[in-house]
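Step one of this worksheet: look at the structure below.
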């Protein structure tokens with residue numbers, strides 16, 4: 001194999017590694033974006049559920065008390 005052929009193979013290998021690095025970088029960005037979206041969705045869910053708890057506390061129906069307990073438990077689980 002000539003020096004030129006070796007150089008071409010080396011350059012192709014470097015390009016391939018760069019492509020893999022770019023793909024991995026995109027995957028990391030995508031994962032970070034998903035984690036951010038997940039955090040935002042959790043925050044919105046907590047706001048909505050806390051609003052439900054606030055409204056339900058004014059209701060004297062016993063089933064609402066159970067619902068409040070369930071929602072509060074769910075909120076604690078989200079925090080973990």
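Residue numbers (this note's numbering): 1 to 80.
All residues carry an ideal CB built from backbone N, CA and C; glycine is no exception.
Computed from a predicted structure; not experimentally measured.
Under the three-state reduction of DSSP, which class applies to residue i: helix, strand or coil?
i: residue 2; result: coil
i: residue 80; result: coil
Compare the beta carbon distance of residue i and residue j with 7 Å and say whether it is the shorter of the two.
i: residue 67; j: residue 56; result: yes
i: residue 46; j: residue 75; result: yes
i: residue 78; j: residue 53; result: no
Using 6 Å as the cut-off, classify the Cβ of residue i as near or not near the heavy atoms of the ligand ADP, replying yes or no.
i: residue 14; result: The ligand content of the structure shown is nil, which means the ligand ADP is not present either.
Subject >> Ordered list of beta strand (DSSP E) runs contained in the stretch 33-77, each at least 3 residues >> reply: none
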